[in-house]
Structure formats: structure tokens, C-alpha cells
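Participant:
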Amino acid sequence: MTVEKKYIVALDQGTTSSRAVVLDHDANIVAVSQREFPQIYPKAGWVEHDPMEIWASQSSTLVEVLAKADISSDQIAGIGITNQRETTIVW
9 MTVEKKYIVA LDQGTTSSRA VVLDHDANIV AVSQREFPQI YPKAGWVEHD
59 PMEIWASQSS TLVEVLAKAD ISSDQIAGIG ITNQRETTIV W
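First residue of the sequence shown? That's 9 in my numbering, and the numbers climb one at a time after it.
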């Protein structure tokens, strides 16, 4: 019986883009996906984001990075998530 390889996925939600990274057991990068999303400037010095755009960009990077790494979701051992410091959104 062969043991199925397991991977870690990192999801990074930045100010201008969403990113997903697949790492192997030795922390080597297997695949990366990134997608930018629009910035909204309601007035000088302010920036806002559409929560649905964030969700769409982050979920699409996850799907894309799994395809690039040629792995299935059941091969993910864990997920790490980073986000914008002062942002909280509940769906």
C-alpha cells in the first residue's frame, strides 16, 4: 500500500491581491496562484474592497493552485490563512 502525499495550503489575502500556495512536507513551494481584485477609493486616503470580489478572487486562487499542483483537496493536511490586519468580513 502506498501512502498518499499530503500538502499544506497557504491562503494570503493581501490589500491588492489574493494568493494561494501549495507546500510539500519539506516546505518546498509546489505551486502558486495569484489574482488581483479592484480597489475602491471613496475619498482621498481611503481604500475599500468589495467582499464578494475578495471571496471570488481567493476561492479561484485555491481552485487554480490545486490544479497547478495536480493534487486533490483530500491531499491537503492543513491550511494556513493570512489576511489584511484590520479587516473582518463574515459571510
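A virtual CB, placed ideally from N, CA and C, is assigned to each residue, including glycine. Since we're looking at a predicted model, the values are computed, not measured.
Does the stretch 42-51 come within contact of the stretch 75-87, defined as at least 3 CB pairs closer than 8 Å?
Facilitator: These segments do not touch.
Participant: Rank E12, R27, W54 and A18 by C-alpha distance to the C-alpha of S65 and give the top, closest one.
Facilitator: Nearest of E12, R27, W54 and A18 to S65, Cα basis: R27.
Participant: Using only CA atoms, which one of Q21, V17 and Y15 lies nearest to N91?
Facilitator: The candidate whose alpha carbon is nearest that of N91 is Q21.
Participant: How long is the line joining the alpha carbons of I16 and I87, rounded to whole angstroms?
Facilitator: Each residue's Cα considered, the two are about 6 Å apart.
Participant: Which stretch, first to last residue, makes up the beta strand (DSSP E) that contains E61?
Facilitator: Taken as a continuous stretch (DSSP letters only), E61 belongs to no beta strand (DSSP E), being part of the alpha helix (DSSP H) at P59 to A77.
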